[in-house]
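Step one of this worksheet: look at the structure below.
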Amino acid sequence: MNEPAASTWAGPLAGVRVIDFTRVLAGPAASLALADMGAEVFKIEPPGTGDETRTFPPTRDGESHYYLAVNRGKKSIVVDLKSAEGLALVKDLAARCDVLVENYRPGVMERLGLGWEELRAINPRLIYCSISGYGQTGPLKDRPSFDIVLQAMSGALSMNGEPGGLPTKLGIPLGDLVGGINGPIGIISALYERERTGVGRHIDVSLMDGMMGMLGYIAQLAFFNGTDPQRVGSQHPNLVPYGIFPAREGSIVIACLTPGFWGRVCRSIGRGELCDDPRYDTLEKRRDAREEVNAIVSAFTSQHSVDELVAIFTEHEVPHAPILGVTEALAQPQAVARGMVVETQHAALGPIPIVNRPIRFTDAEQPVPEAPPVLGQHTDAVLAEVLDLSPERIAALRASGIVA
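Structural data, given as structure tokens:
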């Protein structure tokens, strides 16, 4: 690892260098988490358009919303990996890095000459993280996969939607974003292990495995019952009342998990006598009387506005929330207090809003993340400062199209 430059908050991963061969979403989400924690991430992009998400509409002045979302704080380096000189450059860079992240299908990096066995021979301390749809083993390992495919294959899609209707895709691409959770967990664990062993490790992250891990208690429920849990829409399979309830205009979420919360719900809707009603005094009884209980709660909520319900449920400490749109959520006072939206300076767009790091370290002022890079923004600087190439050598590489 390299010594970080002095700053207000360098981050716990300051000094860690990452060579990033990821693209689209699952892999970039993983390297984003590392950049957020202070790692220096070198994003390798092909000549021409770079990461294909740079062209995903909508765009503004040639910059895509999609690319901007998961590439903050990284350094873009354009290298032609199909050329011998370009391949030699990235191998030299990998030899000076702590971590490599890639999310090609199994075998692609080996065909490029950048596989685990080849690179660990030149850098035994390298931690090499491969993120793919189905992992490096198994009968499906060579299949292409995207978010909805992984939701379907993991069982998650079957659980989402209204009873009796078709399954519904999750509104956020969790099938991809799970790679941005499990990849960094594996990488940071391997960095810690390397302090003891002195050597790196190959990490195999399957997005399908990750989605199955995200099933949580749903999988255990299937084990218990021996059958697939049924779709319950916004409701909970075992907890009642729990879900979306109508307001006079709009709707509101209520979540009742414990007997104590049941009492609060009853008192908040003016039905305190139901707290000890033998028809509803256990989780199982409320589950079995789902329609009755929901009707009682809905009869109250439908007579009040969302703002009125928020005030009532807040007073009685009932877990609840209005259903916010994305722009409203990002602008709400809690998000503002947490600094979840910040402005950063983009090389082409000027000042732009971005979502901030979702993890805070107390007693340290964390600077605003650097903007996502324009294509090739850092090529010359990295070649000069990390690989020690002369200006003449860099100019020659540019002239031959090896770098851009």
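Counting with the working numbering, you get residues 2 to 405 for the letters of the sequence shown. We put the beta carbon where it would ideally sit given N, CA and C, even for glycine.
Residue i CB to nearest heavy atom of the ligand NAP below 8 Å
| i | result |
| --- | --- |
| L33 | Summarising the ligand content, the structure contains no ligands, and the ligand NAP is consequently not present. |
Alpha carbon of residue i to alpha carbon of residue j, nearest angstrom
| i | j | result |
| --- | --- | --- |
| R361 | Q346 | 21 Å |
| M212 | S391 | 47 Å |
| A6 | D177 | For A6, the predicted structure reports a pLDDT of 43, less than 50, and the residue's modelled location is therefore unreliable. A value from the coordinates is still provided. About 33 Å. |
| A70 | A385 | 28 Å |
| I353 | R97 | 33 Å |
| K75 | G116 | 23 Å |
| L217 | N357 | For clarity, residue 217 is Gly in the given sequence; the question names Leu instead. Spanning the two alpha carbons is a distance of roughly 27 Å. |
| R394 | A382 | 13 Å |
| H203 | L35 | 17 Å |
| K44 | Y105 | 14 Å |
| G51 | L376 | 7 Å |
| R399 | P174 | 37 Å |
| L275 | I297 | 10 Å |
| V200 | I123 | 12 Å |
| P370 | L120 | 30 Å |
| A312 | V327 | 22 Å |
| A396 | V42 | 23 Å |
| T198 | A191 | 10 Å |
| E196 | R126 | 10 Å |
| E292 | V25 | 43 Å |
| H305 | F314 | 12 Å |
| I379 | P368 | Before going further, note that residue 379 is His rather than Ile in the sequence given. Whole-angstrom Cα-Cα distance: 20 Å. |
| P168 | G156 | 11 Å |
| A405 | S146 | 30 Å |
| P164 | I132 | 34 Å |
Close Cβ partners of residue i (< 8 Å) along its chain, the five nearest in sequence each way excluded
| i | result |
| --- | --- |
| A336 | A330 and V342 |
| I188 | A31, L35, V100, V102, I128, C130 and I204 |
| P230 | M160, I219, L222, A223 and P238 |
| P374 | K44, N72, K75, K76, S77 and A348 |
Paired residues, beta bridge with residue i - DSSP
| i | result |
| --- | --- |
| C130 | V102 and I204 |
| H321 | I255 |
| H347 | G351 |
| P247 | S252 |
| V356 | V342 |
| V404 | V80 |
Spatial neighbours of residue i in its chain, beta-carbon cut-off 7 Å, leaving aside the 5 residues before and after
| i | result |
| --- | --- |
| R61 | L350 |
| T302 | F246, P247, A248, I253 and L310 |
| M38 | G12, P13 and L14 |
| Q333 | L325 |
| V109 | none |
Expected contact under 8 Å - CB spacing of residue i and residue j to nearest Å
| i | j | result |
| --- | --- | --- |
| I160 | M209 | Here residue 160 is Met; the residue named in the question, Ile, does not match the sequence. About 15 Å separates the two Cβ atoms, so there is no contact after all. |
| G261 | C267 | That pair is no contact at about 11 Å. |
| V206 | G184 | 5 Å |
| V80 | I403 | 7 Å |
| L14 | R73 | L14 to R73, Cβ: 15 Å. No contact. |
| I78 | E46 | 7 Å |
| I255 | H321 | 5 Å |
| L82 | L388 | About 16 Å; that fails the 8 Å criterion. |
Same chain only: Cβ atoms within 6 Å of residue i, ignoring 5 sequence neighbours per side
| i | result |
| --- | --- |
| Y67 | T54 and F57 |
| W263 | C257 |
| G244 | S235 and Q236 |
| P279 | none |
| S8 | Confidence at S8 is low in this model, with a pLDDT of 49, below 50, so its placement is unreliable and the value that follows should be read with caution. Cβ neighbours of S8 beyond the five flanking positions: none. |
| R288 | N239 and V241 |
| E344 | P352 and P354 |
| L94 | I20 |
**OP:** Would you list, in sequence order, the uninterrupted beta strand (DSSP E) runs of no fewer than 3 residues that lie entirely inside the stretch 141-185?
**Re:** none
**OP:** List in chain order: all unbroken alpha helix (DSSP H) runs of 4+ residues lying wholly within the stretch 5-79.
**Re:** 27-37 and 66-70
Original post:
Going along the chain, which unbroken runs of the beta strand (DSSP E) with 3 or more residues stay wholly within the stretch 287-323?
Top reply: 321-323
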